[in-house]
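Novice:
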Amino acid sequence: MAGIIKVKMTSNVKTPARVAGNGSKSTTMPMVALIAGWLVPGAGHFVIGKWVRGLLLFVSITTMFVVGLELKGKIYSPNTGDLLDILNFAGDLGTGLLYAVARVFDLGQAAVQVAVADYGTKFIVVAGLLNVIAAVDAHSLASGRKAS
Amino acid sequence: MTISHFGAVLLFSLLTSVVFGITQRSDPQRMIRFAGFCFAMFVGGTIVASWVMWLIKH
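Chains as they are written, first to last, in this note's numbering: chain A, 1 to 148; chain B, 149 to 206.
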């Protein structure tokens, strides 16, 4: 009896379907797509051949970041010690190379000085968070977790 | 660069909705519909919240 129940239980176990092709693709490509997508907005989708989506993501996220800079938004640095600054820094870091470029060329403001600059700061942080979502989406597409 | 408060709302809503549409749905038709829904919710929610704050103040 116990054996029958065990057999029935194991036969009901379903493994998730893999849409992606062979084994090497399902291990390497998702990580490449994830990292590329983080470094350059939309690049994760370019890597897996989703050109239109990648272009739309690149334009949207980059525009948001540039508008944030133009509104005199603040670029956060890692070691201020303030908890909110650390969270905002994590958001900024999501933009990948855009953040690195902004730091290298000293773009953005060190402190928010005008009211609109607060919007700019939020634009930059949200651009980073959206880029993380886009990179994870590219990873899901490459691994087969997302159908198309 | 200067931008009005409502202009900032529209720009933020548009750009965010595009990313949400692409990443949260699978086929193009549903992506566009979801992006439109997100845009309407962002803008509508902001207008409603603005009126609520106005009512609280007055």
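Don't be surprised by glycine CBs; every beta carbon is placed ideally from N, CA and C.
All values derive from a computational prediction rather than experimental measurement.
1. Count the other C-beta atoms from every protein chain shown that fall within 10 angstroms of the C-beta of A/Trp51, then say buried if there are 16 or more, exposed otherwise.
2. Among the candidates A/Ala36, A/Asp92, A/Leu141, A/Ser140, whose CA atom is the shortest distance from the CA of A/Phe65?
3. Beta-carbon of B/Met149 versus every beta-carbon of chain A: anything under 8 angstroms?
4. Three or more beta-carbon pairs under 8 angstroms between the stretch 59-76 of chain A and the stretch 153-164 of chain B, yes or no?
5. On the premise that A/Gly73 lies in contact with A/Gln109, defined as a C-beta separation below 8 angstroms, what is that separation, rounded to the nearest angstrom?
6. Would you decide whether A/Arg53 is buried or exposed? Buried here means 16 or more other CB atoms lie within 10 Å of its CB.
7. Starting from the Cα of A/Phe58, find the closest Cα among B/Ile151, B/Phe154, B/Thr150, B/Leu163 and give me that residue.
8. Is the Cβ of A/Leu98 closer than 8 angstroms to any Cβ of chain B?
9. Below 9 angstroms on C-beta distance, what does A/Thr63 contact in chain B?
10. Is A/Val47 close to chain B? Criterion is C-beta to C-beta, closer than 8 angstroms.
11. So with Cβ pairs under 8 angstroms, would you call B/Ser198 a contact of chain A?
12. On the criterion of 16 or more Cβ atoms from any shown chain inside 10 Å, does A/Trp38 qualify as buried, or is it exposed?
13. Find the residues of chain B that neighbour A/Tyr76, judging by a C-beta separation of less than 9 angstroms, and give them in chain order.
14. Counting C-beta neighbours from all protein chains within 10 Å, is the total for A/Val106 16 or more, i.e. buried, or is it exposed?
15. Can you list the residues of chain A that B/Ala156 reaches, using a CB-CB cut of under 7 angstroms?
Specialist: Taking the definition as stated:
1. exposed
2. A/Asp92
3. yes
4. yes
5. Between A/Gly73 and A/Gln109 the Cβ distance is about 7 angstroms, and since that is below 8 angstroms, they are a contact.
6. buried
7. B/Leu163
8. no
9. Leu159, Leu163
10. no
11. no
12. buried
13. Here the premise fails: no neighbours, minimum Cβ distance about 19 angstroms.
14. Sequence inspection shows Asp at residue 106 of chain A; the Val mentioned does not correspond to that position. Counting of Cβ neighbours within 10 angstroms places A/Asp106 among the exposed residues, the total staying below 16.
15. Tyr119
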